[in-house]
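Take a look at the structure below.
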Amino acid sequence: MRNKKVLLMMEIAIFAALGFVLDFVSFRMPQGGSVSLVMIPIILIAFRRGVAAGVLTGILVGLLQIVSGFISVAPLSFGFVVMQVLLDYLLAYGVVGLAGVMRTKYLQHAHAKQTGKMLAAIVAGVLIASVLRYLVHVITGILFFGMFAEGNVVIYSAIYNATYMIPVFLLAAFVCAALFAAAPRLVDAEAANTN
Numbered sequence: 029m030r031n032k033k034v035l036l037m038m039e040i041a042i043f044a045a046l047g048f049v050l051d052f053v054s055f056r057m058p059q060g061g062s063v064s065l066v067m068i069p070i071i072l073i074a075f076r077r078g079v080a081a082g083v084l085t086g087i088l089v090g091l092l093q094i095v096s097g098f099i100s101v102a103p104l105s106f107g108f109v110v111m112q113v114l115l116d117y118l119l120a121y122g123v124v125g126l127a128g129v130m131r132t133k134y135l136q137h138a139h140a141k142q143t144g145k146m147l148a149a150i151v152a153g154v155l156i157a158s159v160l161r162y163l164v165h166v167i168t169g170i171l172f173f174g175m176f177a178e179g180n181v182v183i184y185s186a187i188y189n190a191t192y193m194i195p196v197f198l199l200a201a202f203v204c205a206a207l208f209a210a211a212p213r214l215v216d217a218e219a220a221n222t223n
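So the sequence shown is residues 29 to 223, counted in the numbering used here.
See the structure below:
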C-alpha cells in the first residue's frame with residue numbers, strides 16, 4: 029500500500045515537472061498568452077490516475093511557475109496580485125486535472141478496443157479541461173485586466189483569452205488523442221504496473 033502511494037506521488041511530481049518544462053516549448057501570441065504543451069502531462073496523469081491526481085499535478089505546475097517567477101501579473105496592489113496569481117496559476121492549471129472525469133469512459137472503450145469512442149472520450153476530457161481553464165482566465169481578465177479593455181470588459185476578456193485557448197485546446201486534443209491511442213497502456217496505470 030505504501031509503495032503505491034510513493035509511486036503515485038513520484039508520478040505526480042514527474043508529470044508536474046514535465047508540464048512546467050513543456051510550458052517553455054511555446055508559441056507566444058502577439059497580444060499575450062501562449063500556446064504550449066503544458067496541459068498534456070496534467071491531462072495524462074488525470075487519465076492515468078484520476079481527477080485528484082490531475083488537479084494536484086495542475087496545482088503543482090502553477091506553483092512551479094510562481095516560485096520560478098515566470099508569471100505575468102497586473103499592476104495592482106499586493107492583495108489583488110495574490111488573488112490574481114491564485115486564480116491565473118493555481119486554479120487555472122488545477123482545473124485542467126478535471127479532464128480525468130472522462131477516465132472511466134476512456135478505459136472502458138480502450139479495453140473494448142473501440143477506438144472511435146476512446147478518442148471521443150479523450151477529446152471530451154481535453155475540452156472539459158480547456159473550457160474550465162478558459163473560464164478561469166476570462167474571470168481573471170475581467171477582474172484584474174479590465175483597465176486594458178477596449179469597450180466591454182467581458183467581451184474583451186472572452187475574445188482575448190479565446191485567441192490562445194482555442195489553439196491550446198486543438199493542440200492538446202490532437203497530441204493526447206495521438207499519444208493515448210498509440211500507447212493506451214501509458215494511461216492504464218493498473219495494466220502498466222502489472223508488468
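Glycine included, every Cβ here is placed at the ideal spot set by N, Cα and C.
For residue i, list the residues DSSP reports as bridge partners.
{"i": "R56", "result": "S62"}
Mind checking whether residue i and residue j have CB atoms under 8 Å apart?
{"i": "L72", "j": "V215", "result": "yes"}
{"i": "R131", "j": "F75", "result": "yes"}
{"i": "G82", "j": "G128", "result": "yes"}
{"i": "P195", "j": "V66", "result": "no"}
{"i": "V182", "j": "G125", "result": "no"}
{"i": "I68", "j": "V203", "result": "yes"}
Out of curiosity, what's the CA-to-CA distance linking residue i and residue j?
{"i": "H137", "j": "K145", "result": "6 Å"}
{"i": "A220", "j": "A186", "result": "Residue confidence is low: A220 scores 49 on pLDDT, short of 50, so the model does not pin down where it sits. No coordinate-derived value is stated."}
{"i": "A200", "j": "G179", "result": "31 Å"}
{"i": "E39", "j": "K33", "result": "10 Å"}
{"i": "N189", "j": "A210", "result": "31 Å"}
{"i": "T168", "j": "L115", "result": "7 Å"}
{"i": "L163", "j": "F173", "result": "14 Å"}
{"i": "F43", "j": "G61", "result": "22 Å"}
{"i": "Y121", "j": "V95", "result": "15 Å"}
{"i": "I70", "j": "A41", "result": "11 Å"}
{"i": "F52", "j": "L84", "result": "20 Å"}
{"i": "G153", "j": "A177", "result": "31 Å"}
{"i": "V123", "j": "R56", "result": "22 Å"}
{"i": "A205", "j": "L147", "result": "6 Å"}
{"i": "T143", "j": "L207", "result": "13 Å"}
{"i": "V109", "j": "M175", "result": "14 Å"}
{"i": "I87", "j": "L198", "result": "22 Å"}
{"i": "V19", "j": "K141", "result": "Limits of the chain in this structure are 29 at one end and 223 at the other, which puts residue 19 out of reach."}
{"i": "R77", "j": "H139", "result": "16 Å"}
{"i": "A45", "j": "L171", "result": "29 Å"}
{"i": "R213", "j": "L36", "result": "16 Å"}
{"i": "L92", "j": "Y184", "result": "29 Å"}
{"i": "T191", "j": "S54", "result": "14 Å"}
Check the C-beta distance from residue i over to residue j and give it rounded, since I have them as a contact under 8 Å.
{"i": "G97", "j": "L118", "result": "With a Cβ gap of about 15 Å, G97 and L118 do not count as contacting."}
{"i": "Y134", "j": "I150", "result": "6 Å"}
{"i": "M111", "j": "R161", "result": "So it is not a contact: roughly 17 Å between Cβ atoms."}
Give the range of the alpha helix (DSSP H) segment to which residue i is assigned.
{"i": "N31", "result": "R30 to L50"}
{"i": "L160", "result": "T143 to F172"}
{"i": "F208", "result": "V181 to A210"}
{"i": "G90", "result": "V79 to S96"}
{"i": "A28", "result": "In this structure the chain extends from 29 to 223, so residue 28 is not present and cannot be described."}
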